[in-house]
Amino acid sequence: MLNKPGEARKLLLNQFVLTVLLTLALIPFGTDLALSALLGGGIVVFASLIMAILIFKKYRAQQPEKIIAGFYGAQIAKLVFIMAAFAFIILNVQFLNFLTLITVFFIIQVVPAIFLAARN
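Residue numbers (numbering that gives the first Met the number 0): 0 to 119.
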């Protein structure tokens, strides 16, 4: 799906905007929920940013095979970051609402990708 740097930028922007919107929408329900949403969305945005940078850092449109070769390493780096971020947050954040963290993480991971795929 992300075969061009422009598509990766769109996905990152959509993820960021949706994270901000969900965080703002949860403020009336308490700062714990809003901050948990921000952390859940932030994990996705930073993980996607890491992956995009690793895939497209030496992007050449004439060499699409290099994107595929770098994809697997970037995916592993993304998963390691996600696991480390979750572990750090769960162990160190006192105000954490785990259900909100996981729900927003899932929404931010899935919804922008679906919208981007539907547009193409």
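Built from N, CA and C at the ideal position, the CB exists for glycine as well.
Close CB contacts of residue 81 within its chain, under the 7 Å cut and outside five residues either way in sequence, are with 42, 46 (chain order). Counting C-beta atoms within 10 angstroms of its own C-beta, residue 103 has 16 or more neighbours from the protein chains shown and is therefore classed as buried. Rounded to the nearest whole angstrom, the CA to CA distance from residue 33 to residue 97 is 12 Å. Closest option to residue 48, judged by alpha-carbon separation, among 86, 15, 28: 15.
Judged by DSSP secondary structure, residue 95 falls outside any alpha helix (DSSP H); it is assigned neither H nor E.
The three-state reading of DSSP puts residue 77 in helix, counting H, G and I together. Close CB contacts of residue 99 within its chain, under the 6 Å cut and outside five residues either way in sequence, are with 32, 35, 36 (chain order). The beta carbon of residue 26 is closer than 7 Å to those of 33 in its chain, skipping five residues each way along the sequence. Non-local C-beta neighbours of residue 22 in its own chain, meaning closer than 6 Å and more than five positions away in sequence, comprise 33, 36, 37, ordered along the chain.
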